[in-house]
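Report on the following structure.
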Amino acid sequence: AQSVTQPDIHITVSEGASLELRCNYSYGATPYLFWYVQSPGQGLQLLLKYFSGDTLVQGIKGFEAEFKRSQSSFNLRKPSVHWSDAAEYFCAVGGVSDYKLSFGAGTTVTVRA
Amino acid sequence: GAVVSQHPSRVICKSGTSVKIECRSLDFQATTMFWYRQFPKKSLMLMATSNEGSKATYEQGVEKDKFLINHASLTLSTLTVTSAHPEDSSFYICSAPDSLGTDTQYFGPGTRLTVL
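Written as structure tokens, this is what we have:
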């Protein structure tokens, strides 16, 4: 069975500081990994995804994530957060071409001035 | 990018009534759509896979008679919560895979259902 763990329920970060959100997954085969962001009143927006190849993935809005197979992790990072980055972030894992996603519980990011 | 819409964005109904939620892919066709349920401060839980022209596939533990899914066309899937009860109150989100084979899913903005 596939599953995703996001250990941090809530993170508060100062504007301009760096951000790292943790994600660990369990999957029986080669996983497809995703990070989504959810803002109030808006649908989930894909930040980035990893299918294969380079384990450091660049996404939108200045985010990046690194796939570490040995640690079953796919942590999301941003060097300098903006107030608009305050949102809920979800890590997800899926299979090859079945599109079914298992989501982590989410991490709420609060950005303080 | 591709857009998925949901209607209504929020609905309040009395216990025992049925509620229909629509999910539309606005600028692409989707033979498959997915319905998720999200509880407050909780993750999204996949409820079912909606298949155009055939029956929906439900995840374990999801009552198919309670949550009726119809995929009437390549751009529309509907979720009907039948005989709704307060415990059905939740945030329902649909998604549709990109038709270009990029393995990307697009999510609707969600529907907040409150059952009184």
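Line by line, the protein sequences are chains A and B.
Each residue of the first sequence is one higher than the one before, starting from 910 at the first, in the working numbering.
Each residue of the second sequence is one higher than the one before, starting from 997 at the first, in the working numbering.
Built from N, CA and C at the ideal position, the CB exists for glycine as well.
Keep in mind it's a predicted model, so treat the numbers as computed, not measured.
| Asked | Found |
| --- | --- |
| Throw me the rounded Cβ distance for the Leu1042 of chain B and Lys1009 of chain A pair, which I believe falls under 8 angstroms. | 6 angstroms |
| Does the separation of the CB atoms of Leu1109 of chain B and Ser1086 of chain B fall below 8 angstroms? | yes |
| Between the segment 1025-1054 of chain B and chain A, which residues of the former have CB atoms less than 9 angstroms from a CB of the latter, in chain order? | Thr1028, Phe1030, Tyr1032, Gln1034, Lys1037, Lys1038, Ser1039, Leu1040, Met1041, Leu1042, Thr1045 |
| Residue range of the beta strand (DSSP E) that Ala1092 of chain B falls in? | 1086-1093 |
| Identify every residue that forms a DSSP beta bridge with Ile920 of chain A. | A:Val1018 |
| Give me whichever residues DSSP pairs with Ala1001 of chain A in a beta bridge. | A:Phe943, A:Phe1012 |
| Would a check of beta-carbon distances place Gly1057 of chain B closer than 8 angstroms to chain A? | no |
| Check this for me: beta carbons of Gly971 of chain A and Lys987 of chain A, under 8 angstroms apart or not? | yes |
| Report yes if the C-beta distance between Ala995 of chain A and Val1018 of chain A is below 8 angstroms; otherwise report no. | yes |
| Please state whether DSSP places Lys1062 of chain B in a helix, a strand or coil. | coil |
| Which residues in the same chain have their Cβ closer than 6 angstroms to the Cβ of Pro1082 of chain B, if we skip the five residues on either side of it in sequence? | Val1111 |
| Can you tell me which of A:Ser927, A:Ser935, A:Glu924 puts its alpha carbon nearest to the alpha carbon of Ser979 of chain A? | A:Ser935 |
| The segment 953-978 of chain A: which residues have C-beta closer than 9 angstroms to a C-beta of chain B, in chain order? | Leu953, Gln954, Leu955, Lys958, Phe960 |
| So, does the CB of Thr1100 of chain B fall closer than 8 angstroms to a CB anywhere in chain A? | yes |
| Look up Ser982 of chain A in the DSSP assignment and give the residues it is bridged to. | A:Asn933, A:Lys977 |
| Could one say the Cβ of Val1007 of chain B lies closer than 8 angstroms to chain A's Cβ atoms, at least one of them? | no |
| What residues in its chain sit with their C-beta under 6 angstroms from that of Thr1100 of chain B, if we drop five residues either side in the sequence? | Asp1094 |
| Leaving out five residues before and five after Gln947 of chain A in sequence, what residues of the same chain have Cβ atoms less than 8 angstroms from its Cβ? | Leu953, Gln954, Ala996, Glu997, Tyr998, Phe999, Gly1015 |
| Chain A partners of Pro1082 of chain B, CB-CB under 7 angstroms? | Under the 7 angstroms cutoff, chain A gives no residues; its nearest Cβ is about 23 angstroms from Pro1082 of chain B. |
| Which value, in whole angstroms, describes the spacing of the CA atoms of Arg1006 of chain B and Ser912 of chain A? | 29 angstroms |
| Please name the residue or residues paired with Met1029 of chain B in a DSSP beta bridge. | B:Ser1046 |
| Kindly say whether Ala1014 of chain A, judged by its beta-carbon, lies nearer than 8 angstroms to any beta-carbon of chain B. | yes |
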